[in-house]
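Participant:
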Amino acid sequence: MIRGISVASIPVRNQDAALKFYTEKLGFKVLTDQPFTPKQRW
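Numbers 175 to 216, taken from our numbering, label the letters of the sequence shown in order.
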């Protein structure tokens, strides 16, 4: 039986827009935001 989700990855084209949507519209909280490449982050 699945009791929860600890990590979910959702590919997006625009990480800044996705971050704004998930934090401002859905109320998610950023737990970590690490650079991966100059244009990408974890």
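A virtual CB, placed ideally from N, CA and C, is assigned to each residue, including glycine. All figures in this text were calculated on a predicted structure; none of them were measured in a lab.
Give the single residue among I179, Q189, F195 and K203 whose Cα lies nearest to the Cα of F210.
Facilitator: Q189
Participant: Does DSSP put F195 in a helix, in a strand, or in coil?
Facilitator: helix
Participant: Looking at the ligand MG, does it come within less than 7 Å of I179, judged from the CB to the closest heavy atom?
Facilitator: Ligands in the displayed structure: none, and consequently the ligand MG is not present.
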